[in-house]
Every structure is written in structure tokens, then in C-alpha cells.
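Each residue of the sequence shown is one higher than the one before, counting from 87 in the numbering used here. In this text, a Cβ means the ideal position worked out from N, Cα and C, and glycines have one as well. Everything on this sheet refers to the single structure shown next.
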Amino acid sequence: MTDFMETSRSIEQGLNEKSFAKGVEREQVIGLSKPNSRVEADVCAADGSNRQSSVMNPFVDWGFKYLFGTERNKRNLVGFLNLVLELECPIVDVEYLNNENIPHEAGGRECVFDVLCIDKSGTRFLIEVQNAPISYIRNRILYYTCRLIEQMGQPGEKWNYNIDKVYSICLMNFMYEQDPVLKREFMLQESYTGTLFTDRIHIVMLQLPCLEAKSMSECNMLYEKLLYLLLQMKKGMSTIEELKRQVYEHGLNEEIRETFLNVLDEANLASLSKSDKALYETRLKSYRDNRACLDYAIETGIRQGIEQGIEQGIEQGIEQGIKQGIEQGIEQGIKQGLAEGVAQGKLEIARSMKSDGMTSEIISKYTGLSAMEIENL
């Protein structure tokens, strides 16, 4: 995503100014449990008795950071991490870290992460959302991961290499490889035996276009259901109430259901303050402009590719035609030369036979020449 330094500060200011009218303290870490009034309100909205609400696109950089990267929505992040990483010991709480990774030396590369946090064990979690296809996406996420590891070292004479784990999650709205797999997990291991080298580095790549489910019920894994919900929010074809109806009808357990519902509550554009809505709409416009430029580039590339292919096809056709013509000409020339050579040989034989006094009938029998041809010799 693009640089978010100024915007993120505006977000925090906007969030501090914004009242938390629905901020009833929740009890579950993942579940974000609410009293029954939320269920009643959601059911009422799903029945159409309240005004239908439009939903935030979570893949707009401001939108994702608002839903998962702010203190008010920390529990959304905890739920997201638990569903995507499927850890044996679920994450209970996290602390946000500065997502601006400043280089140690002048001229060094600065990294701006979408979301960066740490849990009580010291494990760090990095989330990167990439909407535009880039060929070096693997190198980029590896570089980000290594930057986090490099920061863990304790400088001085007694350098400490006992680094903590790093989980890097990359959500990609494009296919970066031909093999259509939604989720790929990478760790360092020995090449021949597959023995784990270290468990300090975990990289998770999510190719979102690989999720082709038409409904939440077609998703097999819980993280797939969450990604399905986010993709539906991105499409913007359903209202908050319609998406909530899907969550209720799917029969998720209470904790996960409440996580999904809380994400939808926070994604309700009608509930944003004026300053937050202005920030979101500004970033949404940039997102759409970038998307339009990308689509145009792809369309132009395809058209130019077709035109170039036709031109190359014509050139290759002409070249191949000339080559085939030469080959056919040589072949025909050889055949014609042989035929002419045979005919000339017959004439020479006929002359010799005639000079030896043989009759025209005998000469014609052995050479195939007509009486007229023999007479003209």
C-alpha cells in the first residue's frame, strides 16, 4: 500500500474525537460478545425495518487500517490473526507497534507496514495488503520480515541472537503464480530432508482471487469464511444488513459470529464521523483511480499484444511462405530438370539408333518417341 504517515495521524485524531456510542465492553477476545440488543437490532435491520447501510471496502488502505489497525478495533485484529494463522495456542491480546520502519542509515529504505503488532510472548505479526500485482512480491514480504528480525538484535558487546517469532501475512488481490492456491505458508527448512531449520520465520501468502466460493457455506475453512466476507465487502454489492443475514444463517459459533458482526458494524459507512468519512472517501478515490489505471494498462497491453501477435503472424507467414516457395521451386526444378534430362537422353539414343540404320518402329519402341519426332532428328 502507499505511504500512510500523514493519513494515519489523521485517523488517530479522528478516532479520538469520535464517540464510541456502541462501545459496550465485550467479554470475548475473539468473540467481542454483545448483549442480545445487538442481535435484535441486526434481525430488525435484516428484515428491512431500518435504513439499509453501505459497507466499507476493507482493501482500501485506510479501510483496512481502520478495521484492523486501530486501538478501538484491536479485537478485530486478534480474531483475524487467530483465524488466518490457526495457531495451537490462540492469541489473547496484542499491542500495536509503529508501522513506520525507519532505516538505521541515511539513504536506507523506509518500510511502511499496513498493520504491525506484538503479543505478550514477543511474537510479532505483520500484515501487508497488496492490490496491484508486482513481480517481486515474495522478495518484498521477505525483506519486510527480515527488517523486523534485524530490529530484535541487542547491540553491544553481548549481541543477543535469541530472536522472537515473526509472522508475515500478505493479502494479495491478484495471482502471483500459476498454481491457484488460496493459502501458502512458508518456513525455512533443509532442502533434502525437509527438516525445519528454524521456527522464527513464518510467511503466509493469500491469493484472494483463488477463493471462488459463491456463498459462505461453500468455504471449508474458517479463515476462508472471513476472507469471503471481506471480498463481499470489497464488491460493495451487498448492504451491511444483507451480509449480517449471511453470518447469522451460516451457523457459526458465537465467538466467530461476533467477530464477523463486529467487523461489519465497524465497516458501516453511516456510522463514521465526518472526518473519518472524508479520509475514507479520499483514499477510496485513489484506490479506484489506481484500479482504473491498472485495468487500462491491462486492457491496453492485451490489445497491443493482439496487434503485435497479428503483425508477427503476418511476418512469419510471409517468411514461411517464401521459404516454402523456395523449397517447392527447388523441388519442382529438380523434377523438371530430371524430366528434361530424360527427354534429352531419349533423343540422343534415338539419333544413335537412326544412324545405325534401325527403323523408326524399333526406335519408337525403345525410346517412346513418335514417328514425327524420329523423322525430325
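In the DSSP assignment, what residue or residues form a beta bridge with Thr284? For the purposes of this step, residue 284 is taken as the residue at position 198 of the sequence shown. Bridge partners of Thr284: Leu274.
Do the region 250-261 and the region 212-226 touch if we need at least three Cβ pairs shorter than 8 Å? yes
Which residues bound the beta strand (DSSP E) around Asp205? Position 119 of the sequence shown holds residue 205. Start and end: 201-205.
For Leu183 and Glu191, the rounded distance between their alpha carbons: Your numbering for residue 191 matches position 105 in the sequence shown. Your numbering for residue 183 matches position 97 in the sequence shown. Residue placement at Glu191 is poorly supported in this model, since its pLDDT is 48, which falls under 50; the coordinates are not used for a value here.
Would Ala356 and Pro144 be called neighbours here (beta carbons separated by less than 9 Å)? The sequence position of residue 356 within the sequence shown is 270, counting from 1. The sequence position of residue 144 within the sequence shown is 58, counting from 1. For Ala356 and Pro144, no; Cβs fall outside 9 Å.
Sequence ranges, alpha helix (DSSP H) only - wholly within the region 283-326, length at least 4: 308-321
So, at 6 Å on beta carbons, what are the nonlocal neighbours of Arg270 in its own chain, with the 5 sequence-adjacent residues on each side left out? Walking along the sequence shown from the start, residue 270 turns up at place 184. Excluding sequence neighbours, Arg270 sits near Met291.
Closest Cα partner of Lys321 within the set Asn306, Glu335, Leu294, Arg343: Working through the sequence shown from its first residue, we reach residue 321 at position 235. Out of Asn306, Glu335, Leu294, Arg343, Leu294 has the C-alpha closest to the C-alpha of Lys321.
Touching by the beta-carbon criterion (3+ pairs, under 8 Å), the region 426-439 and the region 402-415: Segments in contact, no.
Should Val178 go down as buried or exposed, given a rule of 16 or more other Cβ atoms within 10 Å for buried? Residue mapping note: residue 178 aligns to position 92 of the sequence shown, counting from 1. Val178 should be labelled exposed.
Which listed residue (Lys360, Glu341, Arg389, Lys371) has its alpha carbon closest to that of Phe166: For the purposes of this step, residue 166 is identified with residue 80 of the sequence shown, where counting begins at 1. That would be Glu341, whose Cα lies nearest to the Cα of Phe166.
Meets three-Cβ-pair contact criterion under 8 Å: the region 304-317 and the region 157-175: yes
Taking all protein chains shown into account, do 16 or more other C-beta atoms lie within 10 angstroms of the C-beta of Leu424, making it buried, or fewer, making it exposed? Here the question's residue 424 lines up with position 338 in the sequence shown. Result: exposed.
Please state whether DSSP places Glu263 in a helix, a strand or coil. Here residue 263 refers to the residue found at position 177 when the sequence shown is read from its first residue. In this structure, Glu263 counts as coil in the three-state DSSP scheme.
Using beta-carbon positions only, say whether Phe272 and Tyr230 come within less than 9 Å of one another. Mapped onto the sequence shown, residue 272 falls at position 186. Mapped onto the sequence shown, residue 230 falls at position 144. No, the pair does not count as a contact, with Cβ atoms beyond the cut-off.
Using the rule of at least 16 other Cβ atoms within 10 Å of the residue's Cβ for burial, across every protein chain shown, is Met142 buried or exposed? For this step, residue 142 is matched to residue 56 along the sequence shown. When all chains shown are included, Met142 counts as buried.
Burial state of Gly419, where buried means 16 or more other Cβ atoms lie within 10 Å: What you label residue 419 is simply residue 333 of the sequence shown in a count that begins at 1. By the neighbour-count rule (16 or more Cβ atoms within 10 Å), Gly419 is not buried but exposed.
Beta-carbon proximity of Cys296 to Met261, cut-off 9 Å: The sequence position of residue 296 within the sequence shown is 210, counting from 1. The sequence position of residue 261 within the sequence shown is 175, counting from 1. Their beta carbons are under 9 Å apart, which means Cys296 touches Met261 by this criterion.
Contact defined as beta carbons within less than 8 Å: I believe Leu350 pairs with Ile326. What is the distance between those atoms, to the nearest angstrom? Position 264 of the sequence shown, counted from the start, is the residue given in the question as residue 350. Position 240 of the sequence shown, counted from the start, is the residue given in the question as residue 326. Yes, Leu350 and Ile326 are in contact; Cβ-Cβ is about 5 Å, under 8 Å.
Count the other CB atoms, across all protein chains shown, that sit within 10 Å of the CB of Asn162; report buried if there are 16 or more and exposed otherwise. For the purposes of this step, residue 162 is identified with residue 76 of the sequence shown, where counting begins at 1. Asn162 is buried by the Cβ-count criterion.
Whose C-alpha, out of Asp205, Leu173, Asn159, is nearest the C-alpha of Val180? Counted from its first residue, the sequence shown places residue 180 at position 94. Scanning Asp205, Leu173, Asn159 for the CA closest to the CA of Val180 turns up Asp205.
Tell me which residues share the same chain as Met238 and place their Cβ nearer than 7 Å to its Cβ, disregarding the 5 neighbours each side in the sequence. Working through the sequence shown from its first residue, we reach residue 238 at position 152. Correct list, in chain order: Ile249, Asp250.
Looking at the unbroken alpha helix (DSSP H) that takes in Met238, where does it start and where does it end? Within the sequence shown, the letter at position 152 stands for residue 238. Per DSSP, Met238 belongs to the alpha helix (DSSP H) from 223-238.
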